[in-house]
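Reviewing the structure listed below.
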């Protein structure tokens with residue numbers, strides 16, 4: 002695919018917008034000889050529409066190649082499976098729940114081991130997996146520093162990053178990540194600070210965030226992902242969701258609807274409770290993906306849901 006941007010016209014017909022290719026198979030010039038102009042054989046291996054998408058996303062990140070998978074979790078699993086059997090993976094602790102399951106339940110059956118700490122590199126370490134901000138606690142990882150340390154300690158280690166929360170507006174690749182994963186159903190496809198009912202707002206774009214300066218160095222925009230702790234317990238948090246009207250209750254992010262989720266029972270419900278609490282994923286932590294609705298509509302919806310949830314305290 003190279004570094005082509007996926008734009009500028011379809012190469013055969015000159016169509017400005019590349020058409021969707023619905024063909025499952027492609028014509029040979031002769032037995033065993035592909036058509037030189039296309040090089041396509043079977044859509045499972047590649048087709049014009051998918052290749053254009055892959056090269057466009059790669060170009061956005063500043064990478065030379067891109068590969069599309071059926072899901073972000075499938076992409077992460079494939080990154081792991083490219084490693085030699087017996088390889089060791091280091092990951093940030095409070096990683097996305099699906100990635101945690103891949104590293105702890107699926108990968109061990111295939112001969113891979115994982116450690117959830119950034120200072121545990123061994124001779125068998127072949128991959129360091131990062132998220133920044135981390136889902137859902139919004140903690141940051143200094144990608145450039147980790148990448149530099151990885152090179153100093155082990156030249157064979159690969160640094161990978163899930164950049165879904167940021168989108169290519171801030172390139173993890175430019176900071177040192179050699180492999181970057183995006184869940185394309187989020188920002189790629191997705192065309193109020195003070196309240197007595199909120200214990201804490203967690204948003205790297207706020208000066209009050211402990212890693213605000215790092216966030217300013219790592220990205221050009223602060224993004225639409227925000228987390229906060231509602232004053233109360235799991236019951237209070239659940240009540241908040243019951244009163245939302247504009248914001249939709251769902252696990253995804255970066256789409257054209259604002260979404261909210263309760264990580265304790267949704268994306269990270271599979272984590273052991275004690276481990277989840279240690280990571281800061283408390284029963285009252287709420288994650289919001291802010292989208293394109295009128296800002297005042299979103300604010301008013303969150304405020305009225307907070308007020309109604311707080312009435313039961």
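Numbering (my numbering), first residue to last: 2 to 314. Ideal Cβ placement from N, Cα and C applies to all residues, glycine included.
Looking from the CA of residue 222, the closest CA among 248, 171, 136, 43 belongs to 171.
Shown here, residue 86 sits in coil according to DSSP, grouped into three states, outside any helix or strand. With fewer than 16 other Cβ atoms inside 10 Å of its own Cβ, residue 16 counts as exposed.
Taken atom to atom, the span from the alpha-carbon of residue 185 to that of residue 284 is near 28 Å. Cβ atoms of residue 115 and residue 142 stay farther apart than 8 Å, at about 16 Å.
About 20 Å separates the beta carbons of residue 288 and residue 273, which is beyond the 8 Å limit, so they are not a contact pair. DSSP places residue 166 outside any alpha helix (DSSP H), giving it a letter other than H or E. No Cβ-Cβ contact shorter than 8 Å links residue 291 with residue 250. Here the alpha carbons of residue 82 and residue 26 stand approximately 27 Å from one another. Runs of the beta strand (DSSP E) lying entirely within the region 15–95, each at least 3 residues long, are 29–31, 89–92 in chain order. In the same chain as residue 260, and ignoring 5 residues on each side of it, the C-beta atoms closer than 8 Å to its own belong to 248, 249, 250, 251, 252, 253, 254, 289, 290, 292, in chain order. Within its own chain, the residues whose Cβ lies closer than 8 Å to the Cβ of residue 144, once the five positions on either side in sequence are excluded, are 131, 133, 160, 162, 173, 176, 177, 178, 219, listed in chain order. Per the Cβ contact rule, the region 235–242 is not in contact with the region 200–218 (fewer than 3 Cβ pairs under 8 Å). Under a 10 Å Cβ-count criterion, residue 168 is classified as buried, with 16 or more other Cβ atoms of the shown protein chains found around its own Cβ.
Between the beta-carbon of residue 268 and that of residue 97 there is about 7 Å, and that keeps the pair under the 8 Å contact cut.
Contact annotation, residue 281 with residue 198: C-beta distance approximately 20 Å; criterion of less than 8 Å not satisfied. The three-state secondary structure of residue 232, taken from DSSP, is coil. With 16 or more other Cβ atoms inside 10 Å of its own Cβ, residue 188 counts as buried. The shortest CA-to-CA distance from residue 258 to any of 308, 296, 211 is the one to 296. The residue from 125, 278, 107, 294 with its alpha-carbon nearest to that of residue 95 is 278. Counting only the Cα atoms, residue 99 lies some 22 Å from residue 121.
In this structure residue 300 is exposed. Its beta-carbon is surrounded by fewer than 16 other beta-carbon atoms within 10 angstroms.
Ranked by Cα distance from residue 154, the options 87, 166, 127 are led by 127.
Assignment of residue 123 by DSSP, reduced to helix, strand and coil, places it in the coil class. Across the structure, residue 51 and residue 307 are spaced so that their CA atoms are roughly 43 Å apart.
Residue environment for residue 123: exposed (fewer than 16 other C-beta atoms within 10 angstroms of its C-beta). In the DSSP assignment, residue 115 falls within the beta strand (DSSP E) that extends over 114–116.
Short of 6 Å from the beta carbon of residue 246, and not among the five residues preceding or following it, lie these beta carbons of its own chain, in chain order: 302. Shown here, residue 290 sits in a strand according to DSSP, grouped into three states.
Annotation for residue 244: 306, 309 place their beta carbon closer than 6 Å to its own, counting only its chain and skipping 5 residues before and after. For residue 207, the number of other beta carbons within 10 angstroms of its own is below 16, and it is reported as exposed.
Counting along the chain, no beta strand (DSSP E) covers residue 198, and no H or E run does either.
Residue pairing by DSSP puts residue 128 in a beta bridge opposite 90, 159. DSSP, reduced to helix, strand and coil, places residue 257 outside both helices and strands of the structure shown, so it counts as coil.
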